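So the protein lines, in turn, are chains G and B. Under the working numbering, the letters of the first sequence match residues 38 to 144, in that order. Under the working numbering, the letters of the second sequence match residues 13 to 123, in that order. These notes concern the structure reproduced below.
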Amino acid sequence: KNEVEQSPQNLTAQEGEFITINCSYSVGISALHWLQQHPGGGIVSLFMLSSGKKKHGRLIATINIQEKHSSLHITASHPRDSAVYICAVGEGNKLVFGAGTILRVKS
Amino acid sequence: DTAVSQTPKYLVTQMGNDKSIKCEQNLGHDTMYWYKQDSKKFLKIMFSYNNKELIINETVPNRFSPKSPDKAHLNLHINSLELGDSAVYFCASSQDMTEAFFGQGTRLTVV
């Protein structure tokens, strides 16, 4: 069993929909990261959080340390949000990754 | 200015060859990493260096040898390449395990 579990694995949404991607982890962590990987491969860090909630534009990330759970929300989704979203937890000196969620937003 | 740059972006080579991938970061970070992304897009750490010293080596075959001439560079040498080494390799850097910055990836294809 992977230490970091993401759901769903695949997600198709209509433009404008509210999207939620979930991440659960089973290890003690220093911080949790949400990453975005577009077709073409580059990986971009969206958020790093260790408590509470962060917001950047239409993206919101929350974390519940007690429940070892984080969510990434996208409001008013757009086709350009189509990408792979990866949850990663900081464990010691390394990141441990979830398997990623493939998001496709249709216009 | 690119924060983390790795070269080459694409690398096609024959089995048995030796190849290197270079990585440089201009962020002044102390820690650099190599990650491997397999065909199912799953990322896994290979190595981590902090101030030129190896701190993580995650059961990677001895054919893979990282080299860090200074804290801004972490190169990956791979000897006797095998078909199973085909993957995308990402270099990354961070400071004190804060936000990680990734290179654009190197797609290695072994034929």
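All C-beta atoms, glycine included, are put in the ideal place defined by N, C-alpha and C. Given the structure is predicted, the values throughout are model-derived calculations rather than measurements.
Using only alpha-carbon positions, find the residue among the options that is nearest to residue i.
i: GLY40 of chain B; options: B:GLY117, B:VAL123, B:ARG75 and B:PHE113; result: B:PHE113
i: ILE97 of chain G; options: G:ILE80, G:GLY78, G:VAL64 and G:HIS110; result: G:HIS110
i: ILE100 of chain G; options: G:ALA68, G:ARG117 and G:VAL81; result: G:ALA68
i: GLN5 of chain B; options: B:VAL72, B:TYR45 and B:MET58; result: Coverage of chain B is limited to positions 13 through 123, which leaves residue 5 of chain B absent and any answer about it impossible.
i: ALA15 of chain B; options: B:ARG119, B:ASN87 and B:ALA104; result: B:ALA104
i: PHE59 of chain B; options: G:THR138, G:ILE139, G:VAL133 and G:ARG141; result: G:VAL133
i: PHE54 of chain B; options: G:GLU104, G:THR138 and G:GLU54; result: G:THR138
i: LYS143 of chain G; options: G:GLY129, G:ALA113, G:GLY78 and G:GLN103; result: G:ALA113
i: ASP82 of chain B; options: B:THR43, B:ILE68 and B:MET27; result: B:THR43
i: CYS35 of chain B; options: B:HIS89, B:GLN49 and B:ILE68; result: B:HIS89
Starting from residue i, follow the beta strand (DSSP E) in both directions and report where the run begins and ends.
i: SER107 of chain G; result: 106-111
i: PHE59 of chain B; result: 55-62
i: LYS52 of chain B; result: Counting along the chain, LYS52 of chain B falls outside any beta strand (DSSP E), and DSSP gives it neither H nor E.
i: PHE134 of chain G; result: 131-134
State the Cα-Cα distance for the pair residue i and residue j, rounded to the nearest angstrom.
i: THR110 of chain B; j: LEU72 of chain G; result: 13 Å
i: ALA136 of chain G; j: GLY28 of chain B; result: 30 Å
i: SER92 of chain B; j: SER88 of chain G; result: 45 Å
i: THR25 of chain B; j: THR121 of chain B; result: 6 Å
i: ARG119 of chain B; j: ILE67 of chain B; result: 25 Å
| task | Would you be able to state if there are at least three C-beta pairs under 8 Å between the segment 39-46 of chain G and the segment 115-126 of chain G? | result | The answer is yes - the segment 39-46 of chain G touches the segment 115-126 of chain G, with three or more Cβ pairs under 8 Å.
| task | Take every Cβ of the segment 92-100 of chain B, pair it with every Cβ of the segment 53-70 of chain G, and state whether three or more of those distances are shorter than 8 Å. | result | Contact check between the segment 92-100 of chain B and the segment 53-70 of chain G: fewer than three CB pairs, one atom from each, fall below 8 Å, which does not count as touching.
| request: Just list the beta strand (DSSP E) runs in the segment 65-123 of chain B, keeping only unbroken ones of 3 residues or longer that don't cross its boundaries, in chain order. | output: For the segment 65-123 of chain B, the full-length beta strand (DSSP E) segments reaching 3 residues or more read 65-69, 76-82, 85-90, 99-106 and 118-122 along the chain.
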